[in-house]
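One structure is given below, encoded as structure tokens.
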Amino acid sequence: MQPVGLDVLCIGSVLWDVIGRSAAVMRVGSDVPGRITRLPGGVALNIGMMLARFGMRPALLSCIGRDRQGDELVAACGTLGLDTRLVYRSDDLPTDRYMAIEGANGLIAAIADAHSLEAAGARILRPFEDGRLASPYRGLVALDGNLTLALLSEIADSPVFAGADLRVAPASPGKADRLRPLIGHPGVTLYVNLEEAGLLCQVDFPDAASAAEGVVARGAARAVVTDGGRTAAEATRGAQTLTGAPPPVMVTRVTGAGDTFMAAHMAAEARGASRHEALAEALQRAAIYVSGDIGP
């Protein structure tokens with residue numbers, strides 16, 4: 162039986178983000194002053210953290226090491242309103258990390274060390290096998306593309322998730338192709354940017370609307386496509402495609418913006434918002450986030 166109070170599962174990367182930020186424009190080889198911070202991160206954690214801020218009750222399914230960094234991360238998750246009771250704690254795998262450099266001109270470079278999550282594989286899904294979670298699961302799931310292709314394929318084909326409301330983020334353009342097994346899932350919504358949509362469909366799309374329609378044409382039930390500060394779109398099979406423009410803001414950070422957008426969209430729909438209202442709210446929340454007006 163699932164934990165009391167749970168209303169969304171966040172499956173994927175839960176790790177420490179080490180982010181270096183500078184107000185300077187940067188290029189390869191730049192050596193500039195700035196700030197370096199360590200924060201709880203990972204796609205699943207970031208989405209869960211924002212869902213909690215938007216009034217939902219998320220639980221994490223991931224791998225966290227039984228090392229000092231892992232203990233600190235579990236404690237930090239608790240303060241953020243994230244339920245970690247279902248997380249797989251490994252004795253032999255270290256806690257994962259992500260490192261990024263951001264300048265005034267955006268993300269300069271990033272390295273994701275999520276090898277432990279990949280090594281843990283299907284072990285993170287044990288709560289569905291031992292009775293801690295309902296099986297089949299018919300609730301809301303936020304799924305990130307940091308999982309291995311094999312595990313994503315297993316989730317796509319598993320009767321456990323056949324009736325779930327799967328909301329999927331690709332994690333990065335380099336992992337967009339991992340999402341292909343999920344395209345045919347009847348309850349899938351793919352949240353991708355314009356580049357990721359193009360990689361997923363192997364097409365150069367001119368804008369978010371054509372990209373969202375292209376992903377749906379490939380078999381997805383629904384696709385939500387963003388394009389930085391330009392027009393975003395939501396396409397649903399059998400319905401009119403929606404578009405919306407984010408409000409113009411001064412960009413002070415980019416890491417986590419897509420996760421904020423996705424979480425805001427999910428939370429709005431969970432409250433009963435219409436498709437149009439949910440897209441507008443997600444764009445507004447993401448703009449506020451990148452402007453630095455809410456916490457990291």
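When the letters of the sequence shown are read in order and numbered with my numbering, they come out as residues 162 to 457. Ideal placement from N, C-alpha and C gives every residue a C-beta, glycine not left out. Please read all numbers here as calculations on a predicted model, not as lab measurements.
In the structure shown, what three-state DSSP assignment does residue i receive?
{"i": "threonine 309", "result": "coil"}
{"i": "arginine 339", "result": "helix"}
{"i": "alanine 439", "result": "helix"}
{"i": "threonine 148", "result": "Residue 148 lies beyond the stretch modelled for the chain, which goes from 162 to 457, so this question has no answer here."}
{"i": "asparagine 207", "result": "helix"}
{"i": "glutamate 290", "result": "coil"}
{"i": "glycine 202", "result": "strand"}
{"i": "isoleucine 344", "result": "coil"}
{"i": "glycine 359", "result": "helix"}
{"i": "serine 371", "result": "helix"}
{"i": "aspartate 232", "result": "helix"}
{"i": "tyrosine 450", "result": "helix"}
{"i": "serine 314", "result": "helix"}
{"i": "arginine 486", "result": "Since the first residue shown for the chain is 162 and the last is 457, residue 486 is missing from the structure and cannot be characterised."}
Roughly how many whole angstroms lie between the Cα atoms of residue i and residue j?
{"i": "arginine 229", "j": "arginine 328", "result": "32 angstroms"}
{"i": "methionine 162", "j": "aspartate 253", "result": "Here methionine 162 scores only 47 on pLDDT, less than 50, and its place in the model should not be relied on; the value that follows carries that caveat. Roughly 28 angstroms between the two C-alpha positions."}
{"i": "cysteine 171", "j": "alanine 275", "result": "16 angstroms"}
{"i": "leucine 176", "j": "arginine 182", "result": "19 angstroms"}
{"i": "valine 165", "j": "alanine 439", "result": "In this predicted model, valine 165 has a pLDDT of only 46, less than 50, meaning its place in the structure is not dependable; the value taken from the coordinates is given anyway. Answer to the nearest angstrom: the Cα atoms are 27 angstroms apart."}
{"i": "aspartate 257", "j": "aspartate 388", "result": "29 angstroms"}
{"i": "threonine 397", "j": "isoleucine 262", "result": "36 angstroms"}
{"i": "histidine 437", "j": "alanine 425", "result": "13 angstroms"}
{"i": "arginine 339", "j": "glutamate 357", "result": "11 angstroms"}
{"i": "alanine 325", "j": "alanine 448", "result": "29 angstroms"}
{"i": "aspartate 345", "j": "aspartate 232", "result": "Just to set this straight, residue 345 is glycine in the shown sequence, not aspartate. If you take the alpha carbons of glycine 345 and aspartate 232, they lie about 38 angstroms apart."}
{"i": "alanine 273", "j": "aspartate 178", "result": "9 angstroms"}
{"i": "tyrosine 249", "j": "arginine 284", "result": "7 angstroms"}
{"i": "aspartate 291", "j": "leucine 212", "result": "26 angstroms"}
{"i": "alanine 443", "j": "alanine 429", "result": "8 angstroms"}
{"i": "arginine 293", "j": "phenylalanine 422", "result": "30 angstroms"}
{"i": "alanine 431", "j": "valine 169", "result": "10 angstroms"}
{"i": "glycine 190", "j": "serine 333", "result": "23 angstroms"}
{"i": "alanine 382", "j": "leucine 167", "result": "25 angstroms"}
{"i": "proline 409", "j": "tyrosine 352", "result": "21 angstroms"}
{"i": "alanine 406", "j": "alanine 441", "result": "8 angstroms"}
{"i": "alanine 270", "j": "lysine 336", "result": "16 angstroms"}
{"i": "glutamine 445", "j": "glycine 202", "result": "22 angstroms"}
Rounded C-beta distance between residue i and residue j? I'm assuming under 8 angstroms.
{"i": "valine 204", "j": "glycine 173", "result": "5 angstroms"}
{"i": "glycine 264", "j": "alanine 185", "result": "6 angstroms"}
{"i": "proline 331", "j": "glycine 306", "result": "4 angstroms"}
{"i": "alanine 373", "j": "threonine 350", "result": "Contact doesn't hold; Cβ gap of about 11 angstroms is too wide."}
{"i": "alanine 303", "j": "methionine 217", "result": "That belief does not hold up - the Cβ atoms of alanine 303 and methionine 217 are roughly 10 angstroms apart, past 8 angstroms."}
{"i": "leucine 361", "j": "valine 376", "result": "6 angstroms"}
{"i": "alanine 220", "j": "aspartate 244", "result": "4 angstroms"}
{"i": "aspartate 365", "j": "asparagine 207", "result": "With 8 angstroms as the limit, aspartate 365 and asparagine 207 do not qualify as a contact, their Cβ atoms being about 29 angstroms apart."}
In terms of residues, what are the limits of the beta strand (DSSP E) holding residue i?
{"i": "serine 174", "result": "Run containing serine 174: none; DSSP gives neither H nor E here."}
{"i": "alanine 261", "result": "258–264"}
{"i": "valine 410", "result": "Unbroken run through valine 410: none, as it is neither H nor E."}
Starting from residue i, trace the alpha helix (DSSP H) in both directions and tell me its first and last residue.
{"i": "leucine 143", "result": "Only positions 162 to 457 of the chain appear in the structure, and residue 143 is not among them; the question remains open."}
{"i": "leucine 278", "result": "276–281"}
Problem - the stretch 396–414 / the stretch 437–454 touching (three or more Cβ pairs under 8 angstroms) - result: Yes, since at least three Cβ pairs between the stretch 396–414 and the stretch 437–454 fall closer than 8 angstroms, the two stretches touch.
Handout entry: Cβ contact check for the stretch 359–379 and the stretch 388–396: 3 or more pairs under 8 angstroms
Key = Touching, yes, given that three or more Cβ pairs across the two stretches are closer than 8 angstroms.
Problem - Inter-stretch contact at 8 angstroms, needing at least 3 Cβ pairs: the stretch 224–238 / the stretch 298–313 - result: Under the Cβ criterion (8 angstroms, minimum of three pairs), the stretch 224–238 does not count as touching the stretch 298–313.
Exercise for the section: Please confirm if the stretch 217–226 is in contact with the stretch 195–202, defined as three or more CB-CB distances below 8 angstroms between the two stretches. Expected result: No: fewer than three Cβ pairs fall under 8 angstroms.
Practice task
Would you check if the stretch 237–255 and the stretch 310–327 touch, i.e. whether three or more CB-CB distances between them fall below 8 angstroms?
Solution key: At 8 angstroms Cβ cutoff, the stretches do not touch.
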